[in-house]
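Residue numbers (numbering that gives the first Met the number 0): 0 to 438.
Virtual Cβ for every residue (Gly too), placed ideally from N, Cα, C.
Input: a single structure, listed below in structure tokens.
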Amino acid sequence: MTRVSVFGLGYVGSVSGACLAKMGHHVIGVDANPSKVDLINQGLPPVIETGLSELLAGVTKSGAFAATESWQEAIAATDVALVCVGTPSSPNGSLSTDLVKRVSEQIGAALAARNEYFVVAIRSTVLPGTVEGIVVPVLEARSGKKAGSDFGVCMVPEFLREGTSVKDFYHPPKTVIGQLDCRAGESVAGLFAGIEAPMVRTSIRVAESLKYADNAFHAVKVTFANEIGNICKAAGCDSHEVMKIFCMDTKLNLSPYYLKPGFAFGGSCLPKDLRALTYHAHGMDIQTPLLDSILASNKKQIERVITLLQGYKGRSLGFLGLSFKHGTDDLRESPILEVIETMIGKGFHLGIYDEFVSIARLVGANKEYIQKEIPHVSSLMRASAEELVADSDVLVVSNSSDKFREVLTQMTRKDQVVVDLVRIIEASEVKSQYYGICW
Ligand SMILES: NC(=O)c1ccc[n+]([C@@H]2O[C@H](COP(=O)([O-])OP(=O)(O)OC[C@H]3O[C@@H](n4cnc5c(N)ncnc54)[C@H](O)[C@@H]3O)[C@@H](O)[C@H]2O)c1
Numbered sequence: 000m001t002r003v004s005v006f007g008l009g010y011v012g013s014v015s016g017a018c019l020a021k022m023g024h025h026v027i028g029v030d031a032n033p034s035k036v037d038l039i040n041q042g043l044p045p046v047i048e049t050g051l052s053e054l055l056a057g058v059t060k061s062g063a064f065a066a067t068e069s070w071q072e073a074i075a076a077t078d079v080a081l082v083c084v085g086t087p088s089s090p091n092g093s094l095s096t097d098l099v100k101r102v103s104e105q106i107g108a109a110l111a112a113r114n115e116y117f118v119v120a121i122r123s124t125v126l127p128g129t130v131e132g133i134v135v136p137v138l139e140a141r142s143g144k145k146a147g148s149d150f151g152v153c154m155v156p157e158f159l160r161e162g163t164s165v166k167d168f169y170h171p172p173k174t175v176i177g178q179l180d181c182r183a184g185e186s187v188a189g190l191f192a193g194i195e196a197p198m199v200r201t202s203i204r205v206a207e208s209l210k211y212a213d214n215a216f217h218a219v220k221v222t223f224a225n226e227i228g229n230i231c232k233a234a235g236c237d238s239h240e241v242m243k244i245f246c247m248d249t250k251l252n253l254s255p256y257y258l259k260p261g262f263a264f265g266g267s268c269l270p271k272d273l274r275a276l277t278y279h280a281h282g283m284d285i286q287t288p289l290l291d292s293i294l295a296s297n298k299k300q301i302e303r304v305i306t307l308l309q310g311y312k313g314r315s316l317g318f319l320g321l322s323f324k325h326g327t328d329d330l331r332e333s334p335i336l337e338v339i340e341t342m343i344g345k346g347f348h349l350g351i352y353d354e355f356v357s358i359a360r361l362v363g364a365n366k367e368y369i370q371k372e373i374p375h376v377s378s379l380m381r382a383s384a385e386e387l388v389a390d391s392d393v394l395v396v397s398n399s400s401d402k403f404r405e406v407l408t409q410m411t412r413k414d415q416v417v418v419d420l421v422r423i424i425e426a427s428e429v430k431s432q433y434y435g436i437c438w
């Protein structure tokens, strides 16, 4: 049993408080709004959520859950604070952290009067850097104590959905605990111990970022399905049947595949088919802003690499990988080819190695493509990865061949730079300076 105070008794706080109390914890809810405090103490829900009335009536009657306006009283009587105050949008779209800051000031002031270790767990959705940049400094300043030793701090994002929040509390997709110190993580893990869900312990910034990745993805999913639906309707087919079959594919569609941050996509299908689909949609007067934005975003990822490489003027560039992905010689719409051609145009000295794209081995259409369309590129091909590494100051890895991994971990020098577009290695595995494109 943990003694826990819940700051903010809105959707998240009232449901979390009631559910934690039902799990056997002793919960004190705190809200700045006296009418919410009164409602809870009468056993009445301050928000409408399926199952909350019955739950609250039970846990308030038993004394496991009570509410107060006094944050001093709540901190004095508990060992963990779960912060669930709102983080609304400011008029300019930025996130308002005013309430989180205010609660941090209150908890910090109350901690000054406590001698025992205490854990502050942020449940509110906050942008990466907020806990370490705002919450921790405010808590330390107000309490005169040190985070990580005198008190612990965690970021524990909430994944419940309104309407089914009580059910979601007990059956979340995962429990994620971002911890400043291990002791704080242990304490919060104990709080959620009865919940059957994979538990992940990580850093505070990963936990903060994850919640935004989740919500952005959910929003993308809804909009994607709607845009596909609009196109299907105009084309006279049943979008639900399309998406039902789409969702049956757990190898490429609903899977971790294509979800690793890295370089731009390319090849003979994705760019071509996206262009065709959006052109077709526009021709039927169907607007597809999400699908329209994809190629533009992909281009930005290519430009990001070009901008980065421009910083290495006067140094030779070595490209490991030329085709759009490992294991193929297909050069059509290969994004790294666009980077290479731009760098040639900017006067860089460069070389290329790709085990699947050597002129000697190429046959048919690709041989013709390389000889006719990009002869200037073919003359820059090196015979081996070893030769390329020896001759280059900056190595750019664009596909994840095992051979490249071996070469980079064994043959790079301290004076070289590795620009990794696919996370083929970790920074600690190479002697050279390491730059990951989006990590
Ligand atoms: N609503 C959801 O479905 C959901 C799901 C996941 C995460 N979240 C996140 O959780 C957080 C809370 O969301 P919500 O929908 O429960 O918000 P809400 O606005 O319903 O409730 C917030 C409560 O905090 C109280 N409060 C404000 N300042 C306070 C203070 N100093 N001390 C005590 N109480 C104070 C308010 O009076 C209010 O009752 C937000 O960051 C939100 O983004 C919400």
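Between V29 and ligand 1, is there a pair consisting of the residue's CB and a ligand heavy atom that are separated by less than 7 Å?
Translated into the one-based positions of the sequence shown, residue 29 becomes position 30. Indeed, a heavy atom of ligand 1 lies less than 7 Å from the Cβ.
Rounded to the nearest angstrom, what separates I121 and I227 at their Cα positions?
Looking up residue 121 in the sequence shown gives position 122. Looking up residue 227 in the sequence shown gives position 228. Distance between the alpha carbons of I121 and I227 is about 37 Å.
Start and end of the alpha helix (DSSP H) containing G212?
Residue numbering aside, residue 212 sits at position 213 when the sequence shown is read from its first letter. Residue 212 is actually Ala in this sequence, not Gly. Residues I203 to A234.
Taking one C-beta from the segment 108 to 119 and one from the segment 73 to 88 each time, how about it: are there three or more such pairs within less than 8 Å?
Touching, yes.
Please find out if some non-hydrogen atom of ligand 1 comes closer than 7 Å to the beta-carbon of G85.
Residue 85 sits at position 86 when you count from the first residue of the sequence shown. G85: yes, Cβ under 7 Å from ligand 1.
Is the beta carbon of N252 less than 8 Å from the beta carbon of F245?
Position 253 of the sequence shown holds residue 252. Position 246 of the sequence shown holds residue 245. Result yes, Cβ atoms of N252 and F245 sit closer than 8 Å.
Is it the case that the Cβ atoms of I203 and P171 are separated by a distance below 8 Å?
Residue 203 sits at position 204 when you count from the first residue of the sequence shown. Residue 171 sits at position 172 when you count from the first residue of the sequence shown. Contact flag unset, no.
Roughly how far, in whole angstroms, is the beta-carbon of L319 from the beta-carbon of S254, given that I think they are within contact range, below 8 Å?
Numbered from 1 along the sequence shown, position 320 holds the residue referred to as residue 319. Numbered from 1 along the sequence shown, position 255 holds the residue referred to as residue 254. About 27 Å separates the two Cβ atoms, so there is no contact after all.
Between L289, A75 and V36, which lies nearest to T222 when the distance is taken from Cα to Cα?
For this step, residue 222 is matched to residue 223 along the sequence shown. Considering only alpha carbons, the answer is L289.
Relative to ligand 1, is the shortest distance from any of its heavy atoms to the C-beta of G435 smaller than 7 Å?
Stepping through the sequence shown from its first residue, residue 435 is reached at position 436. Every heavy atom of ligand 1 is 7 Å or more from the Cβ of G435, so no.
I'd like the span of the alpha helix (DSSP H) that includes F245, first residue to last.
If you number the sequence shown from 1, residue 245 lands on position 246. First-last of the alpha helix (DSSP H) with F245: S238 to M247.
For N32 and R182, I'd like the C-alpha separation in whole angstroms.
In the sequence shown, counting from the first residue as 1, residue 32 sits at position 33. In the sequence shown, counting from the first residue as 1, residue 182 sits at position 183. About 32 Å.
Can you check which of these residues, L54, G266, A234 and K312, is closest to L294 by C-alpha distance?
Here residue 294 refers to the residue found at position 295 when the sequence shown is read from its first residue. The candidate whose alpha carbon is nearest that of L294 is G266.
Throw me the rounded Cβ distance for the V152 and V165 pair, which I believe falls under 8 Å.
Translated into the one-based positions of the sequence shown, residue 152 becomes position 153. Translated into the one-based positions of the sequence shown, residue 165 becomes position 166. 27 Å between Cβ atoms; not a contact.
Starting from C153, trace the alpha helix (DSSP H) in both directions and tell me its first and last residue.
Translated into the one-based positions of the sequence shown, residue 153 becomes position 154. Not the alpha helix (DSSP H): C153 falls in the beta strand (DSSP E), residues F150 to M154.
In the DSSP assignment, what residue or residues form a beta bridge with D419?
Working through the sequence shown from its first residue, we reach residue 419 at position 420. BP columns for D419 point to V396 and G435.
May I have the straight-line CA-CA distance separating L454 from S238, to the nearest angstrom?
Within the shown structure, residues of the chain are numbered from 0 to 438, placing residue 454 beyond reach of any answer.
Is the CB-CB distance between K413 and K430 below 8 Å?
Stepping through the sequence shown from its first residue, residue 413 is reached at position 414. Stepping through the sequence shown from its first residue, residue 430 is reached at position 431. Cβ distance < 8 Å, so K413 and K430 count as in contact.
In terms of residues, what are the limits of the alpha helix (DSSP H) holding R274?
Numbered from 1 along the sequence shown, position 275 holds the residue referred to as residue 274. Segment L269 to G282, the alpha helix (DSSP H) holding R274.
Hey, how far is the Cα of G57 from the Cα of A233?
What you label residue 57 is simply residue 58 of the sequence shown in a count that begins at 1. What you label residue 233 is simply residue 234 of the sequence shown in a count that begins at 1. Approximately 52 Å between the Cα atoms of the pair.
First and last residue of the alpha helix (DSSP H) that includes H375?
Here the question's residue 375 lines up with position 376 in the sequence shown. Counting along the chain, the alpha helix (DSSP H) containing H375 begins and ends at P374 to S377.
Would you say G189 and I176 are within 8 Å of each other, going by their C-beta atoms?
Translated into the one-based positions of the sequence shown, residue 189 becomes position 190. Translated into the one-based positions of the sequence shown, residue 176 becomes position 177. No, they are not a contact pair.
Determine contact between the segment 100 to 117 and the segment 12 to 20, defined as no fewer than three beta-carbon pairs at a distance below 8 Å.
Contact between the segment 100 to 117 and the segment 12 to 20 is absent, because fewer than three Cβ pairs lie under 8 Å.
Taking F347 and G326 to be in contact with their CB atoms under 8 Å, please state how far apart those CB atoms are, rounded to whole angstroms.
Here residue 347 corresponds to residue number 348 of the sequence shown, with the count starting at 1. Here residue 326 corresponds to residue number 327 of the sequence shown, with the count starting at 1. Wrong, their Cβ atoms sit about 27 Å apart, outside the cutoff.
On the DSSP bridge assignment, give the partners of A66 in chain order.
Counted from its first residue, the sequence shown places residue 66 at position 67. Note: A66 sits in a beta bridge opposite G28.
Quick one, are the C-beta atoms of I39 and A73 less than 8 Å apart?
As a first step, residue 39 must be located in the sequence shown, where it is residue number 40. As a first step, residue 73 must be located in the sequence shown, where it is residue number 74. Not in contact: I39 and A73 (Cβ atoms no closer than 8 Å).
According to DSSP, what are the bridge partners of T174?
Position 175 of the sequence shown, counted from the first residue, corresponds to residue 174. Note: T174 sits in a beta bridge opposite M198.
For a test of the three-state rule: what should DSSP assign to A263, helix, strand or coil?
In the sequence shown, counting from the first residue as 1, residue 263 sits at position 264. A263 falls in the coil class under three-state DSSP.
Could I get the ranges of all uninterrupted beta strand (DSSP E) runs contained in the segment 287 to 348, with 3 residues as the minimum, in chain order?
Listed in chain order, they are 316 to 319.
Quick one: give me the first and last residue of the alpha helix (DSSP H) that A56 is part of.
The residue you call residue 56 lines up with position 57 of the sequence shown. Element bounds for A56: L51 to K60.
Going by DSSP in three states, Y352 sits in which element: helix, strand or coil?
To locate residue 352, count along the sequence shown from 1; it is residue 353. Note: Y352 maps to strand in three-state DSSP.
Is DSSP giving L407 helix, strand or coil here?
For the purposes of this step, residue 407 is taken as the residue at position 408 of the sequence shown. Of the three classes helix, strand and coil, the one that applies to L407 here is helix, per DSSP.
Where R404 and R422 are concerned, what is the direct C-alpha to C-alpha distance, given to the nearest angstrom?
Residue numbering aside, residue 404 sits at position 405 when the sequence shown is read from its first letter. Residue numbering aside, residue 422 sits at position 423 when the sequence shown is read from its first letter. About 10 Å.
Is N32 near ligand 1, in the sense that its beta carbon is under 7 Å from a heavy atom of that ligand?
Within the sequence shown, residue 32 is the residue found at index 33, counting from 1. Yes, the beta carbon of N32 sits closer than 7 Å to at least one heavy atom of ligand 1.
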